[in-house]
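Those sequence lines, one after another, are chains F and A. Numbering (numbering that gives the first Met the number 0) for the first sequence: 0 to 154. Numbering (numbering that gives the first Met the number 0) for the second sequence: 0 to 154. Even for Gly, the Cβ is constructed at its ideal location relative to N, Cα and C. These notes are about the structure you will find just below.
2 protein chains.
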Amino acid sequence: MFKKSILLVAGVTVAITMGAAVAHEASSPAINARQHVMQLYAFNLGTLGAMAKGDVDYNAAAASSAANNLALLSTLDQSAMWQGGSDNSADTTTRALPDLWQNFPDVGAKSAALAAAAAAMQDAAGQDLASLRVAMGALGGSCGACHKAYRAPEN
Amino acid sequence: MFKKSILLVAGVTVAITMGAAVAHEASSPAINARQHVMQLYAFNLGTLGAMAKGDVDYNAAAASSAANNLALLSTLDQSAMWQGGSDNSADTTTRALPDLWQNFPDVGAKSAALAAAAAAMQDAAGQDLASLRVAMGALGGSCGACHKAYRAPEN
């Protein structure tokens with residue numbers, strides 16, 4: 000279990016690093032907006048991930064703040080940010096695959112899984128580092144599930 | 000009252016346009032994160048502003064969605080995004096003035112005013128266009144109050 004969590008934490012770190020490398024401005028306000036949401040996920044996950052990895056000392060208040068932010072962000076209505084025709088076949092500033100628009104029920108389920116994992120992190124983050132690490136595994140897994148299915152690999 | 004609202008709506012439009020022109024990636028994750036929050040404000044304000052100006056037809060559901068998002072965003076804990084030493088005298092990728100860090104009580108009051116204006120927009124946005132326009136004036140005013148006090152003019 001511990002090894003699995005660490006592996007998933009490492010996966011989240013990779014995702015965060017890749018996210019931070021996106022320095023372009025996308026060509027549409029909607030694509031920009033969803034990338035801003037992703038970056039805010041990454042920022043708050045970064046706080047939790049740094050504690051999980053032991054790069055910074057565990058701090059219950061800072062961990063709870065980041066977890067609360069993630070839970071809030073997971074409840075944003077992103078429907079206006081994922082308009083038809085904004086996939087990576089139509090626009091090179093996004094890595095969102097056309098399949099996403101063909102599978103809204105699954106996307107909705109994956110989004111709900113993220114919200115549930117963020118809520119679980121809200122409960123865990125302020126308790127102790129061990130609880131945070133367990134919740135981080137599930138949270139990273141929920142990010143990865145959607146990226147694996149609906150995001151193109153980085154060029 | 001009507002003229003005043005229109006003026007404030009125009010002010011918001013200017014602010015949104017200026018925000019969208021920021022295509023750089025800031026030099027620190029914390030500065031990036033607060034700019035992502037601002038851009039998400041701008042995206043959702045843009046939806047409401049376009050209706051207020053008559054550029055797009057009033058749509059109660061879309062207006063409510065944007066207002067709900069603004070209210071959620073106004074409750075994010077941004078404390079980790081405004082670290083000491085991240086003002087525009089230390090970092091050219093931000094326009095945040097050093098005065099901000101010297102006036103936290105006032106910044107907190109202005110932030111609370113924004114949250115209150117966003118909550119009022121939540122009540123107003125789904126009612127009708129006239130209510131949306133009135134709420135837009137107060138919301139734009141709350142953005143402008145903080146920008147005027149603590150943000151350097153664009154170069």
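query	result
Residue-chain proximity (A/Thr46, chain F), Cβ-Cβ < 8 angstroms	yes
Short CB-CB distance (under 8 angstroms) between F/Asp90 and chain A	no
N- and C-terminal bounds of the alpha helix (DSSP H) containing A/Pro110	Residue identity differs from the one stated: residue 110 of chain A is Ser in this sequence, not Pro. Residues 103-124.
Three-state class that DSSP yields for F/Ala89 in the structure shown	coil
The stretch 43-58 of chain F in contact with the stretch 87-103 of chain A per 3-pair CB rule at 8 angstroms	no
Outcome for F/Ser85 when other beta-carbon atoms lying within 10 angstroms are tallied against a minimum of 16	buried
is_contact[F/Gln180, chain A] using C-beta, thresh 8 angstroms	The structure shown has nothing for residue 180 of chain F, since chain F only spans 0 to 154.
Distance between beta carbons of A/Pro28 and F/Gly45, contact taken as under 8 angstroms	7 angstroms
Assigned exposure category for A/Phe103 - 16 Cβ within 10 Å defines buried	exposed
8 angstroms contact criterion, which A/Leu75 and A/Asn43 should meet: CB distance rounded	Going by Cβ atoms, the distance from A/Leu75 to A/Asn43 rounds to 13 angstroms, so no, they are not a contact pair.
Residues, ordered as in the chain, of the stretch 52-74 of chain F that lie near chain A by beta-carbon distance below 8 angstroms	Ala61, Ser64, Ala65, Asn67, Asn68, Leu71, Leu72, Thr74
Sub-8 angstroms separation of A/Leu128 and A/Met50 beta-carbons	yes
F/Pro104: contacting residues in chain A (beta-carbon distance under 8 angstroms)	Result: empty, since nearest Cβ-Cβ is about 20 angstroms, beyond 8 angstroms.
Residue from A/Asn67, A/Gly139, A/Trp81 with nearest C-alpha to A/Gly125	A/Asn67
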